[in-house]
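Q:
Residue numbers (full-length UniProt numbering): 1 to 182.
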């Protein structure tokens, strides 16, 4: 091989190495760009999923609270009807049993919630409120059916306890929502 051929081969070899190095840099830049795009998409997707889960939790909790309110209103209507003698003792007792069963099922629904960590204490207080409400209603049944004044006093006391738990739960819930969701 002549000297000129050797020079040409060395030049070609150097140019090839420069091009190859530029290709590596180009591939690295492209790879980093793709990684940034993928990471950004992941963050947006994760944020959207968290928002969806939060909304689902909020709706499920709202349904529980609505069902609790309806069940309690129906029970208090039955109590009023019984006190006004528009309902027999047997019918009131049957409705009271249905009410107890419905309340128990509603309370169990709290355990099935997918609770975000920041809302756990609020949900615990909502559940305690519901349990105290059920205990109050059971005492109310005893009070109404047997004219038991002590049961009436316990019912009122438990109702007050339920109310206090509810207010504390609402306060914790608002705190967990943060300042952006008044």
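No residue lacks a Cβ here, since even glycine has one placed at the ideal position from N, Cα and C. These figures come from a predicted structure and were not determined experimentally.
(1) Run the CB neighbour count on residue 181, radius 10 Å, all protein chains shown included, and call it buried at 16 or more, exposed below.
(2) Enumerate in chain order the residues of its own chain whose CB-to-CB distance from residue 162 is below 7 Å, with the five nearest sequence positions on each side excluded.
(3) Mapping DSSP to helix, strand and coil, what is residue 157?
(4) Taking the alpha-carbon of residue 99 as reference, which of 75, 34, 151 has the nearest alpha-carbon?
(5) Return the CA-CA distance between residue 154 and residue 141, expressed in angstroms with no decimal places.
(6) In three-state DSSP terms, what is residue 100?
(7) Once DSSP output is grouped into helix, strand and coil, what is the label at residue 86?
(8) According to DSSP, is residue 113 part of a helix, a strand, or is it coil?
(9) Given residue 159, which residues of its chain have a CB within under 6 Å of its CB, disregarding the five upstream and five downstream residues?
(10) Am I right that residue 168 and residue 125 are in contact with their C-beta atoms under 8 Å? What's the rounded C-beta distance?
(11) Can you have a look at residue 73 and say buried or exposed, based on whether 16 or more other CB atoms are within 10 angstroms of its CB?
(12) Residue range of the alpha helix (DSSP H) that residue 146 falls in?
A: In this structure, then:
(1) Note that residue 181 scores a pLDDT of 47, beneath 50, so its modelled location is shaky and nothing firm can be said.
(2) Counting only Cβ-Cβ distances below 7 Å, and skipping sequence neighbours, we find 129, 132, 133, 136.
(3) Reduced to three states, the DSSP call for residue 157 is helix.
(4) Measuring from the Cα of residue 99, the nearest candidate turns out to be 75.
(5) Here the alpha carbons of residue 141 and residue 154 stand approximately 11 Å from one another.
(6) If DSSP states are grouped into helix, strand and coil, residue 100 belongs with the helices.
(7) Three-state DSSP puts residue 86 in coil, outside helix and strand.
(8) Looking at residue 113 - three-state DSSP - the assignment turns out to be coil, as it is neither helix nor strand.
(9) Within its own chain, the residues whose Cβ lies closer than 6 Å to the Cβ of residue 159, once the five positions on either side in sequence are excluded, are 136, listed in chain order.
(10) With a Cβ gap of about 5 Å, residue 168 and residue 125 count as contacting.
(11) Exposed.
(12) Counted as a single uninterrupted DSSP element, the alpha helix (DSSP H) harbouring residue 146 occupies residues 120-146.
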